[in-house]
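In terms of full-length UniProt numbering, the sequence shown is residues 1 to 475. Where a beta carbon is used, it is the ideal one built from N, C-alpha and C, also for glycine.
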Amino acid sequence: MAAQEPATKRKRISKKNKAAWRKTDIQDVEQFLEDQRQEERIGTFTDKQNEDLFVVDASPLKTAPSQLTIKQKRKLNALKPMRSHQALENTSKVQDPIVKRNHVRQKKSGRNIELEVCNPTKPRHRQANSDRGLYYEKLDKELAVRESGKKVPKVDKDIWQEEDFRDKIPGLKDEKGWISRDLALHVAGNIGRKVVKTHASLHHKTTKAKKFEAPHPGMSYNPSLKAHQELLAEVVEREESIIKKEQHLKRVTTAMFNKVTPEERDKRRLNEMSEGIKEDGEPESEDEADPKSTDNNYSTVNAPVENKKKSKAARNKELKQKELQRLHEAKKALKKQTADLIRIKSIRAEVQEEAEELKEIKKRRKAAAERKKFETKRLGRHKFEEPDLDVNMPEDLAGNLRNVKTESNLLTDRFKLLQKRNMLPTTVAVTRKRSKVKRFPRSSHKEPGVSFQDLRDRRKAAAAAAKANSDTIKI
Numbered sequence: 001m002a003a004q005e006p007a008t009k010r011k012r013i014s015k016k017n018k019a020a021w022r023k024t025d026i027q028d029v030e031q032f033l034e035d036q037r038q039e040e041r042i043g044t045f046t047d048k049q050n051e052d053l054f055v056v057d058a059s060p061l062k063t064a065p066s067q068l069t070i071k072q073k074r075k076l077n078a079l080k081p082m083r084s085h086q087a088l089e090n091t092s093k094v095q096d097p098i099v100k101r102n103h104v105r106q107k108k109s110g111r112n113i114e115l116e117v118c119n120p121t122k123p124r125h126r127q128a129n130s131d132r133g134l135y136y137e138k139l140d141k142e143l144a145v146r147e148s149g150k151k152v153p154k155v156d157k158d159i160w161q162e163e164d165f166r167d168k169i170p171g172l173k174d175e176k177g178w179i180s181r182d183l184a185l186h187v188a189g190n191i192g193r194k195v196v197k198t199h200a201s202l203h204h205k206t207t208k209a210k211k212f213e214a215p216h217p218g219m220s221y222n223p224s225l226k227a228h229q230e231l232l233a234e235v236v237e238r239e240e241s242i243i244k245k246e247q248h249l250k251r252v253t254t255a256m257f258n259k260v261t262p263e264e265r266d267k268r269r270l271n272e273m274s275e276g277i278k279e280d281g282e283p284e285s286e287d288e289a290d291p292k293s294t295d296n297n298y299s300t301v302n303a304p305v306e307n308k309k310k311s312k313a314a315r316n317k318e319l320k321q322k323e324l325q326r327l328h329e330a331k332k333a334l335k336k337q338t339a340d341l342i343r344i345k346s347i348r349a350e351v352q353e354e355a356e357e358l359k360e361i362k363k364r365r366k367a368a369a370e371r372k373k374f375e376t377k378r379l380g381r382h383k384f385e386e387p388d389l390d391v392n393m394p395e396d397l398a399g400n401l402r403n404v405k406t407e408s409n410l411l412t413d414r415f416k417l418l419q420k421r422n423m424l425p426t427t428v429a430v431t432r433k434r435s436k437v438k439r440f441p442r443s444s445h446k447e448p449g450v451s452f453q454d455l456r457d458r459r460k461a462a463a464a465a466a467k468a469n470s471d472t473i474k475i
């Protein structure tokens, strides 16, 4: 038998001081605890079966591992798990204390191509021309429904109606208003129905004009007598208001001045422009006109000031007068105060009447400001003016679309409506003046004794004759 190794003798060290505890060897305790934790993770030999501990190799080894080639070794190593992923494997046998654990799955950003390709429950990405196939499938379904006799369901949804996202999510819109819009936006974003925030200017209405306003019934190609008479009355009223404004402008501008003849006008202008100019033989100043009136005495414009002081009696009298005036004003104020106390009811009525008047003025101004807020704005240099109403006179009414006389243009009507709704600035048609071209004959084309005006008359006569010949019809 081999001789047993002598056990290591422990040193007996004084542990009186705190520093002596650091010299204690606790390696055996740590090793025991580590073995115990290892057994908890992977289990002990007594808990495992023989099949887990031993493997019976029934396949004969044809070639020894030492005789494998480098290519074969690489293939065998490729089948093994990667060492970089070895730390991610869970080798612990300790049970999870929380059985029903809520595992958080991270949401991947973007499209999961692998899931789209490998998931058999969802169809693969459609081709570019798949929309055409879907269209024909939908068309076939509609035809099948019509042939079967079933009614096609009607769509009652108004695409122009503004919808609130809180109507689609139950519990977000209450009558008492406890849930604000910001809170509803927050909740909708967290439950997967995020609402795209639009700019506030899109929801701010600047005009009350309708997106499409139905025309007057009298504009129809076959209107009733009453509707046509109402339209004519409206047109007449508008024309009368325009004539009234023109007459007012003419009255306050042109009619305010007197009419004079051209001779009188020239005479007035001559007198106005020659004002201050002396005529021949007229003296230039008053001294030359009356030489005898000159005097050698010196005189100034301002009269001399005499420093005359008041006497003591005059000053005392002035002070007494000021004191009497002050007492009189105080007595008058006291008398007015007493009179105001007597008529306090009438004063209250006056104050109340004044307050009501101010309140009424404030109300009118607020209504005017609110009305002005929805009026057509002036977005450019020109102010928007309502276009004329399209009306057919009674003799122009045809009664059918074939012989109707058109009085409007659809494109112009839509363009004016966009200007009225503050979507386009108001513009006017611009007419450019054609520049005058000075014409003169060349020196090589000049004829002796023939002026340029004669040449122009000849050219015009030739053009008129050519046009007359082209208009004639030969039989």
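**Asked** Within 10 angstroms of its Cβ, does R126 collect 16 or more other Cβ (buried), or is it exposed?
**Response** Unreliable positioning characterises R126 in this predicted model, as indicated by a pLDDT of 48, which lies under 50. The coordinate reading is nonetheless provided below. Taking a 10 Å sphere around the C-beta of R126, we find fewer than 16 other C-beta atoms and assign the residue as exposed.
**Request:** Look at the alpha carbon of Q325 and the alpha carbon of A314, and state the distance between them as a whole number of angstroms.
**Result:** A straight-line Cα-Cα distance of about 17 Å links Q325 and A314.
**Item:** Euclidean distance between Cα positions of K310 and E323
**Value:** If I take the Cα positions, the gap works out to 19 Å.
**Prompt:** Cβ of V196 within 8 Å of Cβ of L172?
**Reply:** With respect to L172, V196 sits apart: the two C-beta atoms are not nearer than 8 Å.
**Asked** Cα separation between N90 and A184?
**Response** Distance between the alpha carbons of N90 and A184: 43 Å.
**Asked** When you compare only the Cα positions, how much space is there between R456 and R442?
**Response** About 13 Å.
**Request:** Determine the burial state of H228: buried for a count of at least 16 other Cβ atoms within 10 Å of its Cβ, exposed for fewer.
**Result:** Sixteen is the threshold: when 16 or more other Cβ atoms of the shown chains lie within 10 Å of the Cβ of H228, as they do, the residue is buried.
**Prompt:** Which of helix, strand or coil does DSSP assign to G276?
**Reply:** Correct three-state label for G276: coil.
**Item:** Sequence-distant residues of the same chain with beta carbon closer than 6 Å to S92, five excluded per side
**Value:** Hits under 6 Å: R41.
**Item:** Short Cβ contact (8 Å threshold) for V404 with Y221
**Value:** Yes, these two residues count as a Cβ contact at 8 Å.
**Request:** Classify G218 as buried or exposed, calling it buried when 16 or more other Cβ atoms lie within 10 Å of its own Cβ.
**Result:** With 16 or more other Cβ atoms within 10 Å, it is buried.
**Message:** Please tell me whether T426 and F384 are closer than 8 Å, where the distance is taken between their beta carbons.
**Reply:** F384 sits close to T426, with the two beta carbons spaced by under 8 Å.
**Item:** Nearest to D52 (by Cα), restricted to the options A58, S59 and G43
**Value:** Selected option, being the one with the closest Cα: G43.
**Prompt:** If we count the other Cβ atoms within 10 Å of its Cβ and call it buried at 16 or more, is H328 buried or exposed?
**Reply:** Result: exposed.
**Inter-residue Cα distance where the pair is S180 and K226** = Going from the Cα of S180 to the Cα of K226 covers about 52 Å.
**Prompt:** Does the Cβ-Cβ distance between F374 and T198 come in under 8 Å?
**Reply:** Between F374 and T198, the gap from beta carbon to beta carbon reaches 8 Å or more.
**Prompt:** Buried or exposed: which applies to Q337, given that a residue is buried once 16 or more other Cβ atoms fall within 10 Å of its Cβ?
**Reply:** Burial call: exposed.
**Prompt:** Just to confirm, are T376 and N422 a CB contact at a threshold of 8 Å?
**Reply:** Yes, the pair counts as a contact, with Cβ atoms nearer than the cut-off.
**Asked** CB L231 to CB L358, shorter than 8 Å?
**Response** In this structure, L358 does not lie closer than 8 Å to L231 by Cβ.
**Request:** Thinking K420 and A209 are a contact (beta carbons under 8 Å), I'd like their distance in whole angstroms, please.
**Result:** At roughly 5 Å, the Cβ-Cβ gap stays under 8 Å, so K420 and A209 are in contact.
**Request:** Would you give the residue range spanned by the alpha helix (DSSP H) that V351 belongs to?
**Result:** Looking at the DSSP string, the run of the alpha helix (DSSP H) that includes V351 is I344 to K373.
**Message:** According to DSSP, is G399 part of a helix, a strand, or is it coil?
**Reply:** In this structure, G399 counts as coil in the three-state DSSP scheme.
**Request:** Using a threshold of 8 Å, state whether the C-beta atoms of H382 and V437 are closer than that.
**Result:** It is not a contact, given that the beta carbons lie outside the stated cut-off.
**Asked** Whose C-alpha, out of G399, A462, K138 and F440, is nearest the C-alpha of S224?
**Response** Nearest option by C-alpha distance: G399.
**Message:** So for R378, helix, strand or coil by DSSP?
**Reply:** It is coil, neither helix nor strand.
**Asked** Which term fits N17, buried or exposed, when burial requires 16 or more other beta carbons within 10 angstroms of its beta carbon?
**Response** Exposed, by the Cβ-count rule.
**Asked** CB-CB under 8 Å to S361, same chain, minus the five flanking residues each way: which ones, in chain order?
**Response** One point to set straight first is that residue 361 is Ile, not Ser, in the sequence displayed. No residues qualify anywhere along the chain.
**Where the alpha helix (DSSP H) through A200 begins and ends** = Segment A200 to H203, the alpha helix (DSSP H) holding A200.
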